[in-house]
Amino acid sequence: MRLFIGQKVEVCSKQKEFRGSYYEATVIKYEFSPSSTIITYHVQYRNLIEEDSDNPLVEKVSADEIRPIPPPKPPCPSPSKYPDFEMFEGVDVFENEGWWSGQITGRHGRDRFFVCFPPTGEKLDYHHKLDYHHKLDYHHSQLRHHLDWTNRNWISQSEAFMCFGSEGSLCET
1 MRLFIGQKVE VCSKQKEFRG SYYEATVIKY EFSPSSTIIT YHVQYRNLIE EDSDNPLVEK
61 VSADEIRPIP PPKPPCPSPS KYPDFEMFEG VDVFENEGWW SGQITGRHGR DRFFVCFPPT
121 GEKLDYHHKL DYHHKLDYHH SQLRHHLDWT NRNWISQSEA FMCFGSEGSL CET
């Protein structure tokens, strides 16, 4: 898959303490090596800055660390209507400048969810209240349904389950 200059993307972190997280960026340059057919991308992060500077962080990343941004989530019909998440559903939570993959492990009322992050085992409480003044409250825009980028397609958890064959390999769809 070739990405173009100016395209909005997400870059996964391969560092152990950041595994499972993706950071929003824009492709600013790419390099292609005809001898090895490897493409590398230069990206400028949206929310990460250079050390000792206010400039956006720019990094060179390999093609396997980058994906297009997921499709936008449908808008909520009204401020009092919140997205519905199922128990044990995979979600992404916007926290610490990136999207972290987790799983819904509980719910309190209509606007509060518990999310467990499998790589760390950490369990956090997320609110969907529109109150921006309380530091533990999160607007519902900080949660999204988790999608996997597989074979150049976005697939949901339920679609992934249906696509895997008895041998555990991905079926062609």
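For the sequence shown, the residue numbers in the UniProt record's numbering are 1 to 173. Beta carbons are placed, not taken as given, at the ideal position from N, Cα and C, and that holds for glycine. Here the structure is a predicted model, which means the values were calculated and not measured.
Neighbour-count burial assignment, residue i, 16 or more Cβ in a 10 Å radius
i: residue 53; result: exposed
i: residue 22; result: buried
i: residue 14; result: exposed
i: residue 98; result: buried
i: residue 85; result: buried
i: residue 170; result: Per-residue confidence for residue 170 stands at a pLDDT of 45, beneath the threshold of 50, marking its modelled position as unreliable; no derived number is given.
Nonlocal neighbours in the same chain, by C-beta distance under 8 Å from residue i, ignoring five residues either side
i: residue 89; result: 103, 104, 145, 146 and 157
i: residue 26; result: 6, 7, 8, 9, 43, 44 and 46
i: residue 107; result: 85, 87, 113 and 114
i: residue 49; result: 55, 56 and 57
i: residue 35; result: none
i: residue 109; result: none
Other residues of its chain near residue i: CB distance less than 7 Å, five sequence neighbours each side excluded
i: residue 11; result: 22, 23, 25, 43, 61, 65 and 66
i: residue 4; result: 27
Cβ-based neighbour list, residue i, same chain, cut-off 6 Å, excluding 5 preceding and 5 following
i: residue 136; result: Note that residue 136 scores a pLDDT of 32, beneath 50, so its modelled location is shaky and nothing firm can be said.
i: residue 40; result: 31, 60 and 62
i: residue 149; result: 67
i: residue 94; result: 142
i: residue 28; result: 42 and 44
heavy atom of the ligand NAD below 7 Å from residue i C-beta
i: residue 87; result: Annotation note on the ligand NAD: not contained in the displayed structure, which lists no ligands.
Candidates the options: closest to residue i by CA position
i: residue 113; options: 96, 87 and 95; result: 87
i: residue 17; options: 34, 73, 117 and 153; result: 117
i: residue 152; options: 69, 143 and 142; result: 69
i: residue 37; options: 2, 51, 28 and 29; result: 2
Assumed close pair residue i, residue j - CB separation to whole angstroms, cut-off 8 Å
i: residue 92; j: residue 101; result: 6 Å
Contact check, residue i vs residue j, beta carbons under 8 Å
i: residue 72; j: residue 154; result: no
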